[in-house]
Structure formats: structure tokens, C-alpha cells
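Accompanying notes for the structure given below.
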Amino acid sequence: MTEEKITELQSGFDTAFIDSSYNSNLAYRPQFIYNDDKNGQKVFSAIEDELLRCDNFAISVAFITRGGITPLLQTLQELERRGVPGRILTTDYLSFSDPVALDTIVGLSNIELRMYQTERAGSGFHTKGYIFQKNEEYRFIIGSSNLTQDALTRNMEWNTKLVSTNKGEMVGSVLAEFEKLWNATEYTKPYAEFIEEYRRKYEEKQLFNKMVAEQKKIAKSEDVPSVEAYKLQPNSMQRAFIYNLLELRNKGVDKALLISATGTGKTYASAFAMRELGFKRVLFLVHRNQIAKQAKKQIHISNYYNSDIGLEYSKNLLEASKMDKVYFCNSGAEANESAIKLARKYGFLNGGEKRKTIVALEKSFHGRTLATLCATGQDKFHPECFAPYPAGFKYIKANDYEAIKTAFDDTTCAFMLECVQGEGGVNLIDKEWAKTACDLARKAGAIVIADEVQTGFARTGVLFASEELEIEPEIITCAKGIAGGVPMGACLYRGKADVFVAGDHQSTFGGNPLAVSAANTVLDELTKPEFLARVVSAGDKIRKTISDWNLPCVKNVRGKGLMIGIDIEQSAGVIQKKCLENGLCVSTAGANTMRFLPPLVITDSEIEKGLEIFKSCLM
């Protein structure tokens, strides 16, 4: 910078901070920037002037709206024509920034837009700064003005405009902070990586705001009746609770726990207490309606006894599955453990001590207990640290006709298979091979176990995947989708496998009324023909879309219903991490296989958004 301009800067400093009567060049003088409608003073004008004279610019603001971009759009288009580059950093704070405004900015070829994700960072973001460079000069406006119409033209806003050489300490600090935020890759994302997720959150907030506005309007328009006549009175337990709670509050305690027997009125006690303490808003949380109803009635009973809802669900499930009996547990591994015990008892009763072997498949996965680890046909699940392992398991390759010729003999008690191998790579089982293998197992005196922990309950587009294979297993194990997220599993059996008697197997919380209540509701939904058809069509849509991309890195797409495997050239673990960083939860099934197990209720728009993220992570 020339000595003449440095002198101008120093003179401007003297006028601004030493003596206002000192004459200096306004262009180099620190200025107070604000809105004054009466005198035509606007923050917008100051920003526009600097944009038109700069060689490049950088902006960091918490909020951007259409009203803030519109008056600057012509200026920004002029800068695009000149090739003047710019960077704009904004945030997802409160989902306030308008996606349309962000789309408009990105439509300008000279501007790069990024978003700082405040929720992920766990911190606020309130910067309002505008930085303009012209040769060796920097001009920056820092204060209270976001890129919104009100902030730029009408609001009471306080901003300071300063001028500096490129060697100035203050501008150096401002630029360093901007670059730190701009390059914070963990929290700051380019437009393409954040926009769809952010657009969804913004739309959800707009709907919520609309609903609140409508409710406020209704509330204001109607007379509020007196509630005195409707007030309930607390019982003795509830009065004691309220008294004790008031005592704790008076002593400065801000947390309390009410412990009381089922049916004594804990929820009402809480409501009475909140009324007594004068709170105007109280949030009560329950999981789901059917669970709330069951919880009110009964949560747990020893499985020495039956429950009404347990008997109802058993009847419904056995009818839907065409099985004879069911044992309830809490997980898929537990279900497979019970199946192994059931198979071993069957073998003992039908061949003596020698009939103990269970034949499973290579690349299978059946759980992480010791017995289910042994049934799992993958060496990586058999580390030495867990040895010794239970004996009596051997493995054959799926879809290998030669292997099944010698797989079964008079020592075999069961043939155990997944109808689609999930953990092993989303490998499909050939129908004719499966039927042949099961026939040979039964001829050798064994029974068939279908592990449907992953495939069961409509995952593949039918209630149980074994139906499509036409193998009619004596035992079906299931969990995962059985109760819609509530921990539960089941071992269903029929025919020759009906060998359990009371005491052979048990689980304290297996089949508790709360879990089976949720499962009963799930089953009712899954058995609707339109639901199953939707699972099939959704799965077809995902597989076809990925195949139609014709990406060289995608080697194979396969699956049934909403159980999908994609072989890729890249590391599956790396792609999984990239997807998660961009808001998409996917799994892996091997070093180079992605596994998609989306919710069965996934919508077309959610499919499209998810696939868009997945595709971008592959590129």
C-alpha cells in the first residue's frame, strides 16, 4: 500500500477516534453503520457499495432469507459477470435460513456457499461479518446484521466498518477466524452435502410454526370456561407426594423421584403437583399408544403364567405363520439359542447321543452367544479369546449341490439356514437348492431351522422368507422387526420339533405383556396385503435406481424386498462413514458390500433423498 493511502488511513483514525473535527477522507474513515429510514440510511447500501468495488469477498452470517438476498441479487449478478469470487458461510441455527435463498446464492457461479451445523458442533453461531478485499486493502463490516431484509433495511442494527492494510492485526484475526470456521470439515458442509437434510428440517419447522399460529388464533377466538368445576382432588398418597415435593423445593432441590405401586395414581400425582407448583406447561412422555395402554394394565408377569395379551398374540402369530407352538424371548440370539436346544433334544430323542450335529452355512450369522457364535459360519466370529467353544457344528457352502450330497447323516439333528444371508453379504439362497438340501436333511433324520431374525416380519416382502423358498421349516426363529423396536424374540416350531416341555427353557422377561402388546400391533399391520406389496415395490425401486446409475464402482445389486446388498469397489466401511456424516444410516456386510435395511414404512421421498446421499458418497 502506498504511503499516501496509509496517511489516509491514519487521518481517518484520527477523525473517528481522536477528534471528529479533524478533516479526513470518508473512504478510509471507520464508520458506524445503521438503519435510519427518515434519513435514508441503510446497512444494505454500505454492503452494496463495498461489493461493487471489491476484488473478492467473504460473508459469515447466522441467517439468510429471500428478503435479504433479493435487494442484493442484481449486484451479485454483476459480480458474477465480472468474475468476482465470493464465499458465504451461514448456519442451520433454528432452521431459520430460507432454502430458496440458499438455492439462489448457489445458482451464482462465482459464489461458494457452506453451512456450519450448530447442532453437530454443540455451540451457537452468531457471527455477522462482511469482508471485502481490493488489492492490498481490506474493508470489513462487523456488527449485528444478518442477510435478512429487516436487518439490512429496517431493524435497529449496530455495525462498524473498518479499513485496513493486508498486514493489519485486526483484519488478520478476522480472516483467521473465518478460515477456521470455513474449513471446519467436521461441522461445516458444502451446499450439496447439507441442503436436502436442511430443506426437510426447514419445511418441518414451517409446518410446526403454522400449526402453532393456527392454535393461537383459535385460542384467542374462543372463550375459556372456568375449570374450577372440573378439578379433581388428590388421594392420600398423592397429597403426601405433593407435600414432600414442596418441602424439597423449599430446600432448593430441583429433582425428585416418585416411587409407588402400579395403579396408585403416579401420573395423576404428578399432574396435581405441577398444578400446586404453578407450572403452566408440563410435558408427559409415553412410547406408543398401545404400549401406554398395556403399561397401564400390566407390564410384566412371570412366564410361569399366561397373560391375556400373550395368549391373544400367540394365537394370531401361530395362525399367520402356520406353526404349532411358540416360545417368546428377548432377542434374535436368544431365539436361536432356544432353537439349538430344541434341535439337540429332538436329536437325542430320535437317535440318541450321537445325533447332535447342526449343519449351518458358510458366511452365516446366528448371534453372539457362545452357541450361536458356533452356528455362525465365519471364522472372524470365532476368536481364540472366547474359546473353548461348544462342539457339534459344521458348515457347508450355500447353493453348492455337491456339498449337500454328503452333508447329512445319522449324527445330524438339524440343518440351520438364513433364508437370505444378512451379515455374510446379503447373499440370496437359491430356491431349488434350499428345497433339495432340506429334503436331504430330513431323509437323514434331521429337522430344519430357518433363522428369520433379519428376514422375518415382512423384511423381504412376505411375512417369512421361508415361504418363498417353500422349505416348510420345523423351527423358525425371529426377532428384530417382530415388535417394532421393543426388545422381543420368538422361536416358533411344529411337527417333529414339538419336544419342549415345561422347564426345558425359560426367560424371565420373555413374552412380557408390554412387548407382546407392541408385537400384536405390528403383526396386524404387516399382514395387510397392501403393506407387503409396498415393501416389494420399495425394494424394487431402490435396486433399480442404483442399477440404472451405471456407476463403474457399483459391481452388483441384489436383494429381496427391503433387504438389499450392493457390492462396490470402495471400502464399505469408508462409504458407511461418509453416508453417516451426511445423514444416511447404512450398514455393511463385508469389506466391499453395503447393506440397506431401511424402515418398512419408508416413503418414496425418503428413498430418493437417501439414494441421493448414497450416490454422492460413491462419487
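Everything in the sequence shown is counted per this note's numbering, starting at -7 for the first residue and increasing by one. Ideal Cβ positions, reconstructed from N, Cα and C, are used throughout, including at glycine. Note that the coordinates shown come from a computational prediction; the quantities given were computed from them, not determined experimentally.
- In the three-state DSSP reduction, SER87 falls in the helix class (H, G or I).
- The continuous beta strand (DSSP E) containing LEU353 extends over residues 349 to 353.
- The stretch 494 to 504 makes no contact with the stretch 556 to 567; the number of CB pairs closer than 8 Å stays below 3.
- Residue environment for LEU18: exposed (fewer than 16 other C-beta atoms within 10 angstroms of its C-beta).
- Annotation for GLY531: the continuous alpha helix (DSSP H) segment containing it runs 521 to 541.
- In the structure shown, THR398 adopts coil according to DSSP, grouped into three states.
- In this structure, DSSP gives ALA143 a helical state, which the three-state scheme calls helix.
- Per DSSP, the unbroken beta strand (DSSP E) holding GLY557 starts and ends at 555 to 560.
- If you ignore the 5 residues before and after THR361, its C-beta comes within less than 7 Å of the C-beta of ALA325, GLU329, all in its own chain and listed in chain order.
- When secondary structure is reduced to three states using DSSP, MET107 falls in the strand class.
- When secondary structure is reduced to three states using DSSP, GLY121 falls in the strand class.
- In its chain, beyond the 5 residues on either side, LEU362, LEU365, CYS366, HIS374 have a beta carbon closer than 8 Å to the beta carbon of TYR381.
- Ranked by Cα distance from PHE588, the options GLN2, VAL578, THR595, ILE594 are led by VAL578.
- For the options PRO544, LEU65, ASP516, GLU42, the alpha carbon positioned closest to that of GLU304 is the one of ASP516.
- Runs of the beta strand (DSSP E) lying entirely within the stretch 16 to 89, each at least 3 residues long, are 23 to 25, 48 to 53, 78 to 83 in chain order.
- Inclusion of THR82 and ILE56 in the CB contact set at 8 Å is warranted, their separation being smaller than that value.
- The straight-line gap separating the alpha-carbon atoms of PHE407 and VAL351 is approximately 5 Å.
- Annotation: GLN207 to PHE200 spans about 11 Å, alpha carbon to alpha carbon.
- Per DSSP, the beta bridge partners of GLN413 are ASN419.
- Annotation for SER89: PHE55, ILE56, THR82 place their beta carbon closer than 6 Å to its own, counting only its chain and skipping 5 residues before and after.
- Counting only residues of its own chain and dropping the five nearest sequence neighbours on each side, GLY602 has a CB closer than 6 Å to the CB of LEU576.
- Under the Cβ criterion (8 Å, minimum of three pairs), the stretch 521 to 539 counts as touching the stretch 548 to 555.
- Following the DSSP letters along the chain, one finds SER13 in no beta strand (DSSP E), marked with neither H nor E.
- When beta bridges are read from the DSSP output, GLY135 appears opposite ASN151.
- ILE605: member of the alpha helix (DSSP H) spanning 596 to 610, first to last residue.
- The Cβ atoms of ASN322 and MET480 lie closer than 8 Å to each other.
- Classified as buried, GLU415 has 16 or more neighbouring CB atoms from the shown chains inside 10 Å of its CB.
- Residue environment analysis places ASP596 among the exposed positions, since fewer than 16 neighbouring C-beta atoms fall within 10 angstroms of its C-beta.
- Between CYS405 and PHE492, the alpha-carbon positions lie close to 15 Å from each other.
- For LEU484, the enclosing beta strand (DSSP E) begins and ends at 481 to 485.
- Taking the CA atoms as reference points, LYS317 sits about 25 Å from PHE357.
- A direct Cα-to-Cα measurement between ALA335 and GLY384 gives close to 12 Å.
- Exclusion of the five residues before and after ILE301 leaves PRO505, VAL508, SER509 as the residues of its chain whose Cβ lies within less than 6 Å of its Cβ.
- When DSSP states are grouped into helix, strand and coil, PRO182 belongs to the strand group.
- Within the DSSP bridge table, the entry for ARG336 names no partner.
- Cβ-Cβ distances below 7 Å link LEU237 to ALA248, ALA265 in the same chain, with the five nearest sequence neighbours on each side left out; the list follows chain order.
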